[in-house]
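What follows is one structure encoded as structure tokens, with my remarks underneath.
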Amino acid sequence: MEGRVKIVGQVERVDGNSLTYAEFVDRFMAPNLPVVLTGLTSSWRAREDWTLPIPSDRRLPDLSFFARNFPSPLVQVADCSSREFTDQKRLEMSMQEFIGHWVGDAHGGSNDGDRDGSLLYLKDWHFVKEYPDYIAYTTPVFFVDDWLNMYLDNHPIHRDSDIANHKNEINCSDYRFVYMGAKGTWTSLHADVFRSYSWSANVCGRKQWLFLSPSQSHRIFDRNMRSSIYNLNDDVSEKHFPEFNKTEWLECIQENNEIIFVPSGWYHQVHNLEDTISINHNWFNAYNLHWVWNLLYEDYKVAKEYIEDIRDICDDFEGLCQRNLAANTGMNFYDFFVFIVRFALANAIELYHLQQSEVATFSTKTAHHFIYNLTSIRNVASKMITTEAFTTENLCRISEDNRSAFSNVKQILEEESFRRLLMTLSKAYEHIDRGQSDCLQSWTSYPKGCWSVICLKSDCTVVDHITSLIDEVCGPEDLQKLIDSALSDG
Ligand SMILES: O=C(O)CCC(=O)C(=O)O
Ligand SMILES: [Fe+2]
């Protein structure tokens, strides 16, 4: 890869145990820069159970452990040696079949992952969803402000019955994955789903990463800005990709026990230099929410342009655009609006609790999260106002499931799924500011009416308070009003 790619620097490496959360935000998350964090995985059960020591300080995947303990699930496997459209060809097989292929049972070949010409890489295994009681690892504090997985633990991504189907339910259940691949397996050049952040930890093995800053993304696209380069190892045609020779890449050789933070919108290609197991989450929060919205908006424009010529014969042209957007990008404007309304409400509740609290010592720092979050959501809402999807006429056409999921404030606040979201959000900031993370799983035993961990009152009036600010959110303008009142309160 090095021959064709101009590497201009290495990703910075920082000891995760001497970095504070505020430093991580200031140096990496807010400026959207990659970093490798060391020293954060040594106590993970995954390391003990999933790997075997070998002479030297390296470890190897204990493949028989997987075959013995997780035999049943059907897993998604990429064949790294064959391309299908813009991605590697995907296959579905049992874990045992995958392991069998890897160790060469079926073919008796050498241990290099490609004995029958295919190069199989287990990707996107929803391990946490499948084995919720097996705590393989704990998410480092730097990555707990994860709205995407918090939301999906309690809410469906789509509300429309014609979009939500069984396949979606599995694929959209969460964005926490295990990856396993032999030396030589790889991931083609891409930027992450929803332009989310990712973090990726090597339980064992070694990866080479190549990163391109978003300011240079246009240079890996063809002349029509339609398709991007698939593999940096191929001979990249100057005719098709005239700007490629101007690109400048950051490299990282990620060792075992190291965690890489992948910022939003950075294109990257990844190669397993040894047999590797990694754990990987996609996530977003107030710092990159605008990336998610910008992607949805760009993809929406493409979806709309594609069917513009049938606009006049469509009953519900906007509805069709939104269905196509959900199918192609994984989320549409209404899904995203339901999402941000709920985060706005949860943050407004937490801010109100702090304003009511008599303990002033830690509340300023904590209040900063909620104010920042609300401001970020407000910025996105302000961009949604002028879109066609939210005109009064089009809002009249959306499904009742979509509408009630964002409009009826009292009903939302009383929903169990919302209250669980509030509790998880509340605990995440408790973890960030006060280092308390031990009770993250134990929401069921919460006794109070209000499920916030910073609420100390048994007769909490937050529902009345929030509904007094606004009782119906009809669209992005109302969401802005809600946020303005929450921010000017107290
Ligand atoms: O490890 C890999 O093969 C790909 C991981 C990746 O693309 C990511 O974490 O964003
Ligand atoms: Fe990625």
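Numbering (UniProt numbering), first residue to last: 1 to 490. Positions of the beta carbon are idealized from the N, C-alpha and C atoms, including for glycine. Bear in mind that the values here come from a model prediction, so they are computed numbers and not experimental data.
1. In whole angstroms, what is the alpha-carbon distance linking GLU388 and ASP315?
2. Going by alpha carbons, who is nearest to HIS271 out of VAL75, LYS183 and LEU482?
3. Can the beta-carbon of TRP293 be found closer than 8 Å to that of VAL8?
4. Considering only residues of the same chain and omitting the five flanking positions on each side of THR247, which have a CB-CB separation below 8 Å?
5. Please tell me whether, using a cut-off of 7 Å, the distance from the CB of THR187 to the nearest non-hydrogen atom of ligand 1 is below it.
6. For HIS353, is the classification buried or exposed, using 16 other Cβ atoms within 10 angstroms of its Cβ as the cut-off for buried?
7. Compare the C-alpha of ARG223 against each of ASN373, GLN208 and LYS239 and name the closest.
8. Helix or strand or just coil, what does DSSP make of LYS284?
9. If we ignore side chains and look at the alpha-carbon of each, how far apart do TRP283 and VAL35 end up?
10. If you drop the 5 nearest sequence neighbours on each side, which residues of the same chain put their C-beta closer than 8 Å to that of ILE432?
11. Shorter than 7 Å, the distance from the beta carbon of residue 495 to the closest heavy atom of ligand 2, or not?
12. Please report how far the alpha carbon of ARG83 lies from the alpha carbon of LYS89, in whole angstroms.
13. Looking at the strands, I want to know which residues DSSP matches up with THR51.
14. Using C-beta distances below 7 Å, list every residue in its chain close to LYS365, excluding the 5 sequence neighbours before and after it, in chain order.
15. Going by the CB atoms, is the gap between PHE194 and GLY330 shorter than 8 Å?
16. Measure from the alpha carbon of ASP489 to the alpha carbon of each residue in PHE28, LEU469 and LEU479, then state which is nearest.
17. Quick one: give me the first and last residue of the beta strand (DSSP E) that TYR306 is part of.
18. From this set, ASP26, SER18 and LEU33, which residue's C-alpha is nearest GLU12's C-alpha?
19. Give me whichever residues DSSP pairs with GLU472 in a beta bridge.
20. Sorted by chain position, which residues of the same chain lie with C-beta nearer than 7 Å to VAL128's C-beta, five sequence neighbours on each side aside?
21. Would you give the residue range spanned by the beta strand (DSSP E) that TYR120 belongs to?
22. Do CYS474 and LEU395 have their beta-carbon atoms positioned less than 8 Å apart in this structure?
23. With distances taken from CA atoms, which of VAL380, LEU273, VAL463 and PHE66 is nearest LYS207?
24. Please report the straight-line C-alpha distance between TYR197 and LEU189, rounded to a whole angstrom.
25. Please report the residue range of the beta strand (DSSP E) in which ASP79 lies.
26. Going straight from the alpha carbon of GLU255 to that of GLN76, what length do you get?
27. I need the DSSP call for SER442, collapsed to helix, strand or coil.
28. Can you check which of these residues, TRP147, PRO53, LEU122 and ILE253, is closest to GLN10 by C-alpha distance?
29. So, using beta-carbon positions, are ILE135 and ARG59 closer together than 8 Å?
30. Evaluate THR392 with the Cβ neighbour count: other Cβ atoms within 10 Å of its Cβ, from every protein chain shown; 16 or more gives buried, anything less gives exposed.
31. Name the DSSP beta bridge partners of TYR179, please?
The short version:
1. 15 Å
2. LYS183
3. no
4. VAL5, LYS6, LEU212, GLN216, ARG219 and ILE220
5. yes
6. buried
7. LYS239
8. Checking the displayed sequence, the identity of residue 284 turns out to be Phe instead of Lys. Coil at PHE284, not helix or strand.
9. 16 Å
10. TYR21, VAL141, VAL144, ASP145 and HIS369
11. With the chain running from 1 to 490 in the structure shown, residue 495 is simply not present.
12. 5 Å
13. PRO61
14. ASP433
15. yes
16. LEU469
17. Not the beta strand (DSSP E): TYR306 falls in the alpha helix (DSSP H), residues 289-306.
18. LEU33
19. ASN408
20. ASP174 and ARG176
21. A small correction: the amino acid at residue 120 is Leu; Tyr does not occupy that position in the sequence shown. Segment 120-125, the beta strand (DSSP E) holding LEU120.
22. yes
23. LEU273
24. 16 Å
25. 74-84
26. 25 Å
27. For SER442, the pLDDT reaches just 45, beneath the cut-off of 50, and the residue's location in the model is therefore unreliable, leaving the point undetermined.
28. ILE253
29. no
30. exposed
31. SER278
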